[in-house]
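Asks: Here's a structure for you.
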Amino acid sequence: MSRPGSHPLLTLYALAAECLLPLAAVRLLWLSLRRRGYGRRWWERFGFWKAAPAEAPVYWIHAVSVGEVRAALPIVRALQAARPGAHLRISTTTATGADALAAAGLGGLHAWAPFDAGSVQRRLLARLRPRVVVIMERELWPGLIRACIEAGIPVLVANARLSASSLNAYLRLPVAVRRQIFGGLQVAAQSLEDGTRFGALGVPAAAVRCLGNTKIDDEPAPGSTVIRRLDAWIAASTHAGEEIAALAAHRELLARGQARLLVLVPRHPERFEAVAQLVLQSGLAYGRWSQGARVPDCATPVLLVDTMGALRALYAEVAVAFVGGTLVPVGGHSLYEPLLAGTPVVVGPHHEHVSSVLESAGAAVGLLAGAAALAPAIGQRLTAVEAHLRAAVLAAEDLRAGTGAASRTVDLLLGLADGAAAVPLPPGEGLG
158 MSRPGSHPLL TLYALAAECL LPLAAVRLLW LSLRRRGYGR RWWERFGFWK
208 AAPAEAPVYW IHAVSVGEVR AALPIVRALQ AARPGAHLRI STTTATGADA
258 LAAAGLGGLH AWAPFDAGSV QRRLLARLRP RVVVIMEREL WPGLIRACIE
308 AGIPVLVANA RLSASSLNAY LRLPVAVRRQ IFGGLQVAAQ SLEDGTRFGA
358 LGVPAAAVRC LGNTKIDDEP APGSTVIRRL DAWIAASTHA GEEIAALAAH
408 RELLARGQAR LLVLVPRHPE RFEAVAQLVL QSGLAYGRWS QGARVPDCAT
458 PVLLVDTMGA LRALYAEVAV AFVGGTLVPV GGHSLYEPLL AGTPVVVGPH
508 HEHVSSVLES AGAAVGLLAG AAALAPAIGQ RLTAVEAHLR AAVLAAEDLR
558 AGTGAASRTV DLLLGLADGA AAVPLPPGEG LG
């Protein structure tokens, strides 16, 4: 359950994780009754994955949900091209992550992420025998990391990001705990800032590489046939409280004649119906994506996108994007998708998860002090739409110049999996 030399806090974590397994099973049953998909292959949550073929090298990539899956897709494709005979498993924690994987044609590689109890993780590693475990972005589970280190399996945190608030939370742990959790990791950071923060956690400088953001590699340029409505804006990946702010802002914009359409895209599918009720209560007519309403010919003031997987293409069809998780204390969601679509963006004050993008995007991203500033910011961008679109196109060109993170990550991954003593780094990419 615990291992010799483990810090008492890690021993306590390991004991608690084992004791909570029955409660985790009850919660899984509850989720399976309330949310689609959570009951499928439930045994995988306890480490009972299908055994890997003995003859093929195995790589396990963990991507908790939709955003991490999108970051993983370029890595998966580059890895399949480099090692066509390899056996890949891609785990997610959420059903929406599993759906995103299926939509990319990779549903057959999916497995459910196991509970973070040592017995579960060790069982899974023994069945799977991966050459390397890849954790996307920031899912730093102590049980998984410790089990991999004890089994001699390299752990790579790919497309790694770490906000200042998350760093401060981790720094409250004793140094010895951080050393035992993070000291054996390899990190492929999105930016120098992210890499420096992982170094502050205790990851050795020689194990941190700044390889860029893999999401850029997965974003196609908008097609020449896409029609952008210059009287439309999108409130994307919204959380509770943000839809009310967006609807209030849209009523102001309608009254001023600055906008005709709000495309409303809630972050979580289980909130679709609740958001539909909010739109009704606002007094605004709306169309639903699931019933055939689309941006180019939508005649209602609001289009509710109540289907997963549509957001990426929608950014290229509107004139301005508000990205959610920023008016409420979530930390923000990907800005790469709207920016690479050439669409100007506004975000609220809670943007710590996307701070590195803000620095490079310049005038293409506007910062709001709060919900009251949303209508003026959107209205100003719709009034001077051509200038703001030009700024967004320039930002997109700068971002596309940084492609190649996925291939660099796969080079590192394969070097670790093949037991390379040291993986060569291009100049300037290390922290040491």
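Using this note's numbering, the letters of the sequence shown correspond one by one to residues 158 to 589. From the three backbone atoms N, C-alpha and C, an ideal C-beta is built for every residue, glycine too.
#1: Which residue comes first and which comes last in the beta strand (DSSP E) that contains histidine 300?
#2: Can you list, in chain order, the residues of its chain with a C-beta nearer than 6 Å to that of phenylalanine 203? Leave out the 5 residues immediately preceding and following it.
#3: For cysteine 367, which beta-bridge partners are listed by DSSP?
#4: Give me the residue from Ala530, Leu245, Leu468 and Ser513 with the minimum Cα distance to threonine 500.
#5: Compare the Cα-Cα distances from proline 377 to each of Arg198, Ala220, Ala574 and Glu554 and report the closest residue.
#6: Indicate the three-state DSSP secondary structure (helix, strand or coil) for isoleucine 247 in the structure shown.
#7: In chain order, which continuous runs of the alpha helix (DSSP H) of length 4 or greater are located wholly inside the region 211–256?
#8: What first and last residue would you give for the alpha helix (DSSP H) that runs through threonine 395?
#9: Kindly give me the distance between the Cβ atoms of valine 504 and alanine 521, rounded to whole angstroms, as I take these residues to be in contact under 8 Å.
#10: Got a sec? Which residues, its chain only, sit under 8 Å from leucine 266 by beta carbon, not counting five neighbours each side?
#11: If you reduce the DSSP assignment to three classes, tell me which class histidine 407 lands in.
#12: Alanine 173 CB to nearest chain D CB: under 8 Å?
#13: How about proline 311 and glutamine 343: are their beta carbons less than 8 Å apart?
#14: Leaving aside the five residues before and after glutamate 400 along the sequence, list all residues of the same chain whose C-beta is less than 6 Å from its C-beta, in chain order.
#15: Assign phenylalanine 479 to one of three DSSP states: helix, strand, or coil.
#16: What residues in its chain sit with their C-beta under 7 Å from that of serine 222, if we drop five residues either side in the sequence?
#17: Would you kindly work out how many angstroms separate the C-alpha atoms of alanine 346 and glycine 352, rounded to a whole number?
#18: Could you spell out the range, first to last residue, of the beta strand (DSSP E) harbouring leucine 460?
#19: Is the beta carbon of isoleucine 384 less than 8 Å from the beta carbon of leucine 497?
#20: Does the distance from the C-beta atom of leucine 531 to that of alanine 406 stay below 8 Å?
#21: Helix, strand or coil: how does DSSP classify histidine 623 here?
#22: Keeping to the same chain, check which residues put their C-beta closer than 6 Å to that of arginine 615; ignore five residues upstream and five downstream.
#23: Which word fits alanine 283, buried or exposed, when buried means at least 16 other C-beta atoms lie within 10 angstroms of its C-beta?
#24: Would DSSP call arginine 557 helix, strand or coil?
#25: Pairing CB atoms from the region 556–571 with CB atoms from the region 333–342, are three or more of them under 8 Å?
#26: Tell whether a beta-carbon distance below 8 Å holds between glycine 125 and arginine 424.
#27: Within 10 Å of its beta-carbon, does glutamate 494 have 16 or more other beta-carbons around it, so buried, or fewer, so exposed?
#28: Is the beta carbon of alanine 235 closer than 8 Å to that of alanine 558?
#29: Our contact map puts leucine 281 next to tryptophan 206 with C-beta atoms below 8 Å; I'd like the distance itself, whole angstroms only.
#30: Could you check the C-alpha separation between histidine 545 and alanine 239 for me, to the nearest Å?
#31: For arginine 336, report the span of its alpha helix (DSSP H) as first-last.
#32: Which ranges does the beta strand (DSSP E) cover as unbroken runs of at least 3 residues, wholly within the region 431–467, from first to last along the chain?
#33: Considering just the uninterrupted stretch of the alpha helix (DSSP H) at tryptophan 269, what are its terminal residues?
#34: CB-CB under 7 Å to alanine 274, same chain, minus the five flanking residues each way: which ones, in chain order?
#35: If you drop the 5 nearest sequence neighbours on each side, which residues of the same chain put their C-beta closer than 6 Å to that of glycine 359?
#36: Go through its chain and collect everything with a Cβ distance to alanine 552's Cβ below 7 Å, but skip five positions before and after it.
Replies: This is what the structure holds:
#1: Going by the sequence as given, residue 300 is glycine instead of histidine. Here glycine 300 belongs to no beta strand (DSSP E); instead the alpha helix (DSSP H) covers 299–308.
#2: Within the same chain, phenylalanine 203 has close Cβ partners Val277.
#3: According to the DSSP secondary-structure assignment, cysteine 367 is paired through a beta bridge with Ala346.
#4: Selected option, being the one with the closest Cα: Leu468.
#5: Nearest C-alpha to proline 377: Glu554.
#6: Look at isoleucine 247 here: in three-state DSSP terms it is strand.
#7: Entirely contained in the region 211–256, the alpha helix (DSSP H) runs reaching 4 residues are, in chain order, 223–239.
#8: The continuous stretches of alpha helix (DSSP H) do not include threonine 395, which lies in the beta strand (DSSP E) extending over residues 386–395.
#9: 11 Å between Cβ atoms; not a contact.
#10: Counting only Cβ-Cβ distances below 8 Å, and skipping sequence neighbours, we find Val233, Leu245, Arg246, Ile247 and Leu258.
#11: If DSSP states are grouped into helix, strand and coil, histidine 407 belongs with the helices.
#12: No chain D is part of this structure, which consists of one protein chain only.
#13: Yes, the Cβ-Cβ distance between proline 311 and glutamine 343 is below 8 Å.
#14: Excluding residues within five positions, the ones whose Cβ falls inside 6 Å are Val432 and Leu435.
#15: Three-state result, phenylalanine 479: strand.
#16: Sequence-distant Cβ neighbours of serine 222 in its own chain, meaning closer than 7 Å and more than five residues away, are Thr249, Thr250, Thr251, Thr253 and Gly254.
#17: Straight-line Cα distance between these residues: approximately 5 Å.
#18: Its beta strand (DSSP E) spans residues 459–461.
#19: Taking 8 Å as the cut-off, the Cβ atoms of isoleucine 384 and leucine 497 do not count as close.
#20: Result yes, Cβ atoms of leucine 531 and alanine 406 sit closer than 8 Å.
#21: No information on residue 623 is available, as it lies outside the stretch 158 to 589 that the chain covers here.
#22: Here the chain has residues from 158 to 589 only, and residue 615 is not among them.
#23: Looking at its Cβ environment, which holds fewer than 16 other Cβ atoms inside 10 Å, alanine 283 is exposed.
#24: Helix, per DSSP.
#25: The region 556–571 is not in contact with the region 333–342.
#26: This structure cannot speak to residue 125, because the chain is shown only from 158 to 589.
#27: So glutamate 494 ends up on the buried side.
#28: No.
#29: That pair is a contact at about 6 Å.
#30: CA-CA distance, histidine 545 to alanine 239, rounds to 40 Å.
#31: Element bounds for arginine 336: 332–339.
#32: Those beta strand (DSSP E) runs which fall completely within the region 431–467 and span 3+ residues are 443–445 and 459–461.
#33: Note, tryptophan 269: premise wrong, no alpha helix (DSSP H); beta strand (DSSP E) at 267–269.
#34: Scanning its chain for C-beta atoms nearer than 7 Å, with the 5 sequence neighbours on each side dropped, one finds around alanine 274 the residues Ala174, Glu175, Leu178 and Gly300, in chain order.
#35: Excluding residues within five positions, the ones whose Cβ falls inside 6 Å are Arg335, Arg336, Phe339 and Gly340.
#36: Answer for alanine 552: Leu496, Ala518, Gly519 and Ala521, listed in chain order.
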